[in-house]
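Novice:
Residue numbers (my numbering): 5 to 77.
Written out as structure tokens, the structure reads:
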């Protein structure tokens, strides 16, 4: 839930920032409007970071469960 709320807050803040800063609507960067870049580019590194953290936590939980279930010698 925490990751979902954090990611939703991050993605929700991008359009809000563009709404509150109307001067950015007329700025182009490499021939692409800046609002398009602001909405499209930032989520991809965040997707990768959340995916990496999720996989790392899932592996740690799997190791803990395996240690709990396997008989000790």
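Glycine residues also receive a C-beta, built at the ideal position from the N, C-alpha and C atoms. Fair warning: this is a prediction, and the values are worked out from it, not measured in the lab.
Three or more beta-carbon pairs under 8 Å between the region 44-62 and the region 7-21, yes or no?
Specialist: Yes, they touch.
Novice: Using alpha carbons as the reference points, say which of 33, 15, 38 and 16 lies closest to residue 26.
Specialist: Residue 38 is the option with its Cα nearest to residue 26.
Novice: Leaving out the 5 sequence neighbours to the left and right, which residues in its chain are closer than 8 Å to residue 42 when beta-carbon positions are compared?
Specialist: Closer than 8 Å at the Cβ level, and outside the excluded window around residue 42, lie 18, 21, 22 and 28.
Novice: Looking only at its chain, what residues have a beta carbon closer than 7 Å to the beta carbon of residue 62, apart from the 5 residues adjacent to it on each side?
Specialist: Cβ within range, chain order: n/a, list empty.
Novice: Considering only DSSP beta bridges, list what residue 36 is partnered with.
Specialist: For residue 36, which the question treats as bridged, DSSP gives the partners 33.
Novice: Can residue 7 and residue 54 be called in contact, C-beta distance under 7 Å?
Specialist: Yes, they are a contact pair.
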